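Asker:
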Amino acid sequence: MDLSSINPILLIAAMIAAATPILLAAIGELVVERAGVLNLGVEGMMITGAVCGFIIAVNTGSPTVGFIAAAIGGAVLSLLFAFLTQVALANQVASGLALTLFGLGLSSLMGQSYVGIKPPRAEATPLGPLADIPVIGPIVFGHDLMVYLGLGIVAGTWAVLKFTRMGLVLRAVGENHDAAHALGYKVKRIRTLAILFGGACAGLGGAYISLIRVPQWTEGMTAGVGWIALALVVFASWKPWRVLLGAYLFGGITQLQLNLQGAGVAIPVEYLAMSPYIVTIIVLVILSADKSRAPGSLGRTFHASG
Amino acid sequence: MKFTTLVASAALALGLAGGALADDPTKVGFVYVGPVGDGGWTYEHDQGRQAVEAEFGDAVETVFVENVAEGPDAERVMTQMALDGADLIFTTSFGFMDPTINVAAKFPNVKFEHATGYKRADNVSTYSARFYEGRAVQGHIAGKMTESNIIGYIASFPIPEVIRGINSAYLHASKVNPDVEFKIIWVYTWFDPAKEADAAKALIDQGADVVLQHTDSTAPQAAAQEAGNVMTFGQASDMAQYAPYPRVSSIIDNWAPYYVERTRAVMEGTWESVDTWDGIPTGMVEIGEITDAVPAEVKAEAEAMIEAMRTGEYHPFTGPINKQDGSAWLAEGEVADDGTLAGMNFYIEGVDGDIPQ
Numbered sequence: 546m547d548l549s550s551i552n553p554i555l556l557i558a559a560m561i562a563a564a565t566p567i568l569l570a571a572i573g574e575l576v577v578e579r580a581g582v583l584n585l586g587v588e589g590m591m592i593t594g595a596v597c598g599f600i601i602a603v604n605t606g607s608p609t610v611g612f613i614a615a616a617i618g619g620a621v622l623s624l625l626f627a628f629l630t631q632v633a634l635a636n637q638v639a640s641g642l643a644l645t646l647f648g649l650g651l652s653s654l655m656g657q658s659y660v661g662i663k664p665p666r667a668e669a670t671p672l673g674p675l676a677d678i679p680v681i682g683p684i685v686f687g688h689d690l691m692v693y694l695g696l697g698i699v700a701g702t703w704a705v706l707k708f709t710r711m712g713l714v715l716r717a718v719g720e721n722h723d724a725a726h727a728l729g730y731k732v733k734r735i736r737t738l739a740i741l742f743g744g745a746c747a748g749l750g751g752a753y754i755s756l757i758r759v760p761q762w763t764e765g766m767t768a769g770v771g772w773i774a775l776a777l778v779v780f781a782s783w784k785p786w787r788v789l790l791g792a793y794l795f796g797g798i799t800q801l802q803l804n805l806q807g808a809g810v811a812i813p814v815e816y817l818a819m820s821p822y823i824v825t826i827i828v829l830v831i832l833s834a835d836k837s838r839a840p841g842s843l844g845r846t847f848h849a850s851g
Numbered sequence: 103m104k105f106t107t108l109v110a111s112a113a114l115a116l117g118l119a120g121g122a123l124a125d126d127p128t129k130v131g132f133v134y135v136g137p138v139g140d141g142g143w144t145y146e147h148d149q150g151r152q153a154v155e156a157e158f159g160d161a162v163e164t165v166f167v168e169n170v171a172e173g174p175d176a177e178r179v180m181t182q183m184a185l186d187g188a189d190l191i192f193t194t195s196f197g198f199m200d201p202t203i204n205v206a207a208k209f210p211n212v213k214f215e216h217a218t219g220y221k222r223a224d225n226v227s228t229y230s231a232r233f234y235e236g237r238a239v240q241g242h243i244a245g246k247m248t249e250s251n252i253i254g255y256i257a258s259f260p261i262p263e264v265i266r267g268i269n270s271a272y273l274h275a276s277k278v279n280p281d282v283e284f285k286i287i288w289v290y291t292w293f294d295p296a297k298e299a300d301a302a303k304a305l306i307d308q309g310a311d312v313v314l315q316h317t318d319s320t321a322p323q324a325a326a327q328e329a330g331n332v333m334t335f336g337q338a339s340d341m342a343q344y345a346p347y348p349r350v351s352s353i354i355d356n357w358a359p360y361y362v363e364r365t366r367a368v369m370e371g372t373w374e375s376v377d378t379w380d381g382i383p384t385g386m387v388e389i390g391e392i393t394d395a396v397p398a399e400v401k402a403e404a405e406a407m408i409e410a411m412r413t414g415e416y417h418p419f420t421g422p423i424n425k426q427d428g429s430a431w432l433a434e435g436e437v438a439d440d441g442t443l444a445g446m447n448f449y450i451e452g453v454d455g456d457i458p459q
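Taken in order, these protein sequences are the chains called A and B. Just so you know, the first sequence maps onto residues 546 to 851 in the working numbering. Just so you know, the second sequence maps onto residues 103 to 459 in the working numbering.
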């Protein structure tokens, strides 16, 4: 065992990179679920975002434009879900699963001629002298823009849900759509906007994998991250900061266990491999002992005449 | 009147269907563990499937299902294929072993071919390639080229096939470079680009300047390219898009001749349950072009080794070799037998760490 071979600064950077896609997808889904909609299509929207972002970034040479395209791609796909569930009043679970399958197929079709291409590199955010501070600099200030954007979205979501009228209305729609409707709020419109936000966030998360974490395009490359993000929302009791904690725990321990394996730590590999799941679940279950519960109208179809 | 027309046309349709059944094409199914676009393992199996189509044209019909999880899902997919009239089904991942045996027992008239497993039945053959021959070449090049003397290895599951690869690579790396150290990370997946890339980065961060992979995607190649000074080898497929560097050579699985031959056996009614384990001599294992990033002298040595394996002169596991605990395995000049290799569950002397149980 040789722990000195692990460089803590590189490890933390890798942990953050591993956490960011889950964080982005989960915070988007959190908003969708707080509005009372269960969208199981996160995986499909992520992979669509991954391929859209990749294609545009390669063609324009700009990762930033790629990320914008990824958000648009994810949102456009989620619009399909919004149409099915909010207009056609289809079952949300079935529509969400269909969205995942559709997204996986669509992305492999779109990405066919992009296999093996190297995307343009996303540079670290220019924070000037801050990044030069020893130890803290590279850990806190040495990341790409998406890492900070992810944190910003979490903070923003929390603030909006907690302190603003918009957040209150969104939560009302999620808790009891009939009451919200009776008060004159446009349930379908609000939910559609929430679904679009969720799609955009999932798209960003997917593009983070294809443009920064891997970086390349491969079919099916999200490999289940969307499902982990979905589970995380539940374990985090639909609370933004807990989603952040869960994503960083999960991403962080995933990285840590890979590094510990490489360093030859004498813990059996099986335990290391399962540790991200176990630790994340335990921590979030303990936190959710405070009687948090799902939004009241979660997963229920709303019909104005009903 | 209308009703009779309907009956008549139904009868006609039935008749036509009956006629079509008579010269039914041979239906061949493929069950894949990853997507056909993974650029590695599944990609090569799909190349084999396409070779079958090209060979027999309209006389065969091939179907495939990709991204099949190793577990109950696999059984469902195989059952569906058999119900849909498949005559021959190739299941192309180690984890499909028990599902294949289970489904084969229910469909005695359908032939099954399971890749890399060891369980057979009257209608189940197994086939695999001696990837460890390719690993020997990789180990030799890696041992010669590493400057940090740390070689990273991304391992998938602790099964004999993967352990053989680690042993073969280590044996040949340490032969030319006694200081070499292997860092092994088990990722417990065949295909998860993000995780494969993370594992590659963890190894690189810990000083590895050569990364070997036993997973299916090209993600570790991309991670090595990003790092800049790290060498890799294509796995299962050529992965030539990362040549000449980081990818300096590759192991290519060429399943096409086998798939064509087995499909022909089913069409001609000569199919029998067999156990095939071919390597470099028959071309089932190919070594991808060694690029100019490798010095000419090292390249020549590697090519001499490939040639010696092709002619059967050299076996990668030739003694003296000790097991990890120091006990003797093969005596001087002794060659490993296929039975031990097929069930290999131990590291050879010099490899650090334990195999997950």
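From the three backbone atoms N, C-alpha and C, an ideal C-beta is built for every residue, glycine too. These figures come from a predicted structure and were not determined experimentally.
Just the chain A side, please: which residues come within less than 7 Å of residue 305 of chain B by C-beta, in chain order?
Answerer: Taking the first residue of the second sequence as 1, we reach residue 305 of chain B at position 203. Residues of chain A passing the Cβ test: 807.
Asker: How many Å lie between residue 354 of chain B and residue 372 of chain B at the Cα?
Answerer: Taking the second sequence and counting its residues from 1, the one referred to as residue 354 of chain B is at position 252. Taking the second sequence and counting its residues from 1, the one referred to as residue 372 of chain B is at position 270. Going from the Cα of residue 354 of chain B to the Cα of residue 372 of chain B covers about 29 Å.
Asker: Could you give the DSSP three-state label for residue 703 of chain A: helix, strand or coil?
Answerer: Within the first sequence, numbered from 1, the residue matching residue 703 of chain A stands at position 158. Correct three-state label for residue 703 of chain A: helix.
Asker: Using DSSP bridges, identify the partner residues of residue 230 of chain B.
Answerer: Stepping through the second sequence from its first residue, residue 230 of chain B is reached at position 128. Paired residue(s): B:379.
Asker: Here's the rule I'm using: 16 or more other beta-carbon atoms within 10 Å means buried, otherwise exposed. How should residue 126 of chain B be labelled?
Answerer: Walking along the second sequence from the start, residue 126 of chain B turns up at place 24. Residue 126 of chain B comes out exposed.
Asker: At what residues does the beta strand (DSSP E) containing residue 221 of chain B begin and finish?
Answerer: Counting from 1 along the second sequence, the entry for residue 221 of chain B is found at position 119. Segment: none, residue 221 of chain B is in no beta strand (DSSP E) and carries neither H nor E.
Asker: Quick one: complete alpha helix (DSSP H) runs, 4+ long, within the segment 230–292 of chain B?
Answerer: Complete alpha helix (DSSP H) runs here, min 4: 233–247, 262–278.
Asker: May I ask you to list, following chain order, the residues of the segment 763–786 of chain A that have a beta carbon less than 9 Å from some beta carbon of chain B?
Answerer: Going along the segment 763–786 of chain A in chain order, one finds 763, 764, 765, 766, 767, 768, 769, 770 with a Cβ nearer than 9 Å to chain B.
Asker: Residue 543 of chain B versus chain A: which residues are under 7 Å apart at the beta carbon?
Answerer: The displayed coordinates of chain B run from 103 to 459. Any statement about residue 543 of chain B would go beyond what the structure contains.
Asker: Would the beta-carbon of residue 697 of chain A fall within 8 Å of that of residue 591 of chain A?
Answerer: Position 152 of the first sequence, counted from the start, is the residue given in the question as residue 697 of chain A. Position 46 of the first sequence, counted from the start, is the residue given in the question as residue 591 of chain A. Cβ atoms of residue 697 of chain A and residue 591 of chain A: not closer than 8 Å.
Asker: Which partner residues of residue 349 of chain B appear in the DSSP bridge assignment?
Answerer: Looking up residue 349 of chain B in the second sequence gives position 247. Partner(s): B:334.
Asker: When you compare each of A:613, A:556, A:576, A:605 to residue 748 of chain A by their alpha carbons, which one comes out closest?
Answerer: By one-based count along the first sequence, residue 748 of chain A stands at place 203. The option with the nearest alpha carbon to residue 748 of chain A is A:613.
Asker: Are the beta-carbon atoms of residue 385 of chain B and residue 356 of chain B separated by less than 8 Å?
Answerer: Translated into positions along the second sequence, residue 385 of chain B becomes position 283. Translated into positions along the second sequence, residue 356 of chain B becomes position 254. Cβ distance < 8 Å, so residue 385 of chain B and residue 356 of chain B count as in contact.
Asker: Go to residue 747 of chain A, then tell me how far its alpha helix (DSSP H) extends in each direction, as first and last residue.
Answerer: In the first sequence, the residue the question calls residue 747 of chain A occupies position 202. From DSSP, the alpha helix (DSSP H) with residue 747 of chain A extends over 732–753.
Asker: Quick check: the segment 265–282 of chain B against the segment 245–256 of chain B, are at least 3 beta-carbon pairs closer than 8 Å?
Answerer: Contact holds: three or more Cβ-Cβ distances are below 8 Å.
Asker: Following the continuous alpha helix (DSSP H) through residue 129 of chain B, name the residue where it begins and the one where it ends.
Answerer: Within the second sequence, residue 129 of chain B is the residue found at index 27, counting from 1. Note, residue 129 of chain B: premise wrong, no alpha helix (DSSP H); beta strand (DSSP E) at 128–133.
Asker: Any beta-carbon of chain A closer than 8 Å to the one on residue 413 of chain B?
Answerer: In the second sequence, the residue the question calls residue 413 of chain B occupies position 311. Residue 413 of chain B does not count as touching chain A.
Asker: Measure how close the beta-carbons of residue 441 of chain B and residue 420 of chain B come, nearest whole angstrom, since I'm counting them as under 8 Å.
Answerer: Within the second sequence, numbered from 1, the residue matching residue 441 of chain B stands at position 339. Within the second sequence, numbered from 1, the residue matching residue 420 of chain B stands at position 318. About 17 Å separates the two Cβ atoms, so there is no contact after all.
Asker: Using 8 Å as the limit for Cβ to Cβ distance, is residue 290 of chain B near chain A?
Answerer: The sequence position of residue 290 of chain B within the second sequence is 188, counting from 1. It does; some Cβ of chain A falls within 8 Å.
Asker: Counting contacts by CB-CB distance shorter than 8 Å, is residue 451 of chain B in contact with chain A?
Answerer: Taking the first residue of the second sequence as position 1, residue 451 of chain B is located at position 349. Judged by the 8 Å Cβ criterion, residue 451 of chain B is not in contact with chain A.
Asker: Between residue 761 of chain A and residue 329 of chain B, how many whole angstroms is the CB-CB distance? I'm expecting something under 8 Å.
Answerer: As a working mapping, residue 761 of chain A is identified with position 216 in the first sequence. As a working mapping, residue 329 of chain B is identified with position 227 in the second sequence. Contact doesn't hold; Cβ gap of about 14 Å is too wide.
Asker: Name the chain B residues that come within less than 7 Å of residue 563 of chain A, Cβ to Cβ?
Answerer: Within the first sequence, the letter at position 18 stands for residue 563 of chain A. Residues of chain B passing the Cβ test: 300.
Asker: Look at the alpha carbon of residue 624 of chain A and the alpha carbon of residue 647 of chain A, and state the distance between them as a whole number of angstroms.
Answerer: Locating residue 624 of chain A in the first sequence gives position 79, counting from the first residue. Locating residue 647 of chain A in the first sequence gives position 102, counting from the first residue. About 13 Å.
Asker: Give the residues of chain B in contact with residue 569 of chain A, contact being defined as C-beta atoms less than 8 Å apart.
Answerer: If you number the first sequence from 1, residue 569 of chain A lands on position 24. Simply none; closest approach about 13 Å.
Asker: Does chain A have any CB closer than 8 Å to the CB of residue 455 of chain B?
Answerer: Taking the first residue of the second sequence as position 1, residue 455 of chain B is located at position 353. With 8 Å as the cut-off, residue 455 of chain B counts as an interface residue toward chain A.
Asker: Using a Cβ-Cβ cut-off of less than 9 Å, give me the residues of the segment 319–336 of chain B that come near chain A, in sequence order.
Answerer: Taking 9 Å as the Cβ-Cβ cut-off against chain A, the residues of the segment 319–336 of chain B that qualify are 319, 320, 321, 323, 324, 325, 327, 328.
Asker: Distance check for residue 159 of chain B and residue 153 of chain B, CA to CA, integer angstroms please.
Answerer: To locate residue 153 of chain B, count along the second sequence from 1; it is residue 51. To locate residue 159 of chain B, count along the second sequence from 1; it is residue 57. Each residue's Cα considered, the two are about 10 Å apart.
Asker: Leaving out five residues before and five after residue 782 of chain A in sequence, what residues of the same chain have Cβ atoms less than 6 Å from its Cβ?
Answerer: Here the question's residue 782 of chain A lines up with position 237 in the first sequence. Cβ neighbours of residue 782 of chain A beyond the five flanking positions: 833, 837.
Asker: For chain A, check one thing: does any of its Cβ atoms lie closer than 8 Å to the Cβ of residue 160 of chain B?
Answerer: As a position in the second sequence, residue 160 of chain B is number 58, starting the count at 1. No - not a single Cβ of chain A is within 8 Å of the one on residue 160 of chain B.
Asker: The beta strand (DSSP E) that contains residue 315 of chain B, what's its start and end?
Answerer: Taking the first residue of the second sequence as position 1, residue 315 of chain B is located at position 213. It spans 312–315 - the beta strand (DSSP E) in which residue 315 of chain B sits, taken as one unbroken run.
Asker: Output needed for residue 144 of chain B: all residues of its chain with C-beta closer than 6 Å, excluding positions within five of it in sequence on either side, in chain order.
Answerer: For this step, residue 144 of chain B is matched to residue 42 along the second sequence. So the qualifying residues of the chain are 134, 136, 138.
Asker: Classify residue 666 of chain A as buried or exposed, calling it buried when 16 or more other Cβ atoms lie within 10 Å of its own Cβ.
Answerer: Within the first sequence, the letter at position 121 stands for residue 666 of chain A. Classification of residue 666 of chain A: exposed, given that the 10 Å Cβ count is below 16.
Asker: In whole angstroms, give me the CA-to-CA distance for residue 228 of chain B and residue 203 of chain B.
Answerer: Against the second sequence, residue 228 of chain B aligns to sequence position 126. Against the second sequence, residue 203 of chain B aligns to sequence position 101. If you take the alpha carbons of residue 228 of chain B and residue 203 of chain B, they lie about 11 Å apart.
Asker: If residue 635 of chain A and residue 745 of chain A are in contact, beta carbons under 8 Å, what's the gap, nearest whole angstrom?
Answerer: As a working note, residue 635 of chain A is residue 90 in the first sequence. As a working note, residue 745 of chain A is residue 200 in the first sequence. Contact doesn't hold; Cβ gap of about 22 Å is too wide.
Asker: Answer yes or no: do residue 297 of chain B and residue 559 of chain A have a C-beta to C-beta separation smaller than 8 Å?
Answerer: As a working note, residue 297 of chain B is residue 195 in the second sequence. As a working note, residue 559 of chain A is residue 14 in the first sequence. No, the Cβ-Cβ distance between residue 297 of chain B and residue 559 of chain A is not below 8 Å.
Asker: Answer yes or no: do residue 699 of chain A and residue 572 of chain A have a C-beta to C-beta separation smaller than 8 Å?
Answerer: Position 154 of the first sequence holds residue 699 of chain A. Position 27 of the first sequence holds residue 572 of chain A. Yes. Within cutoff.
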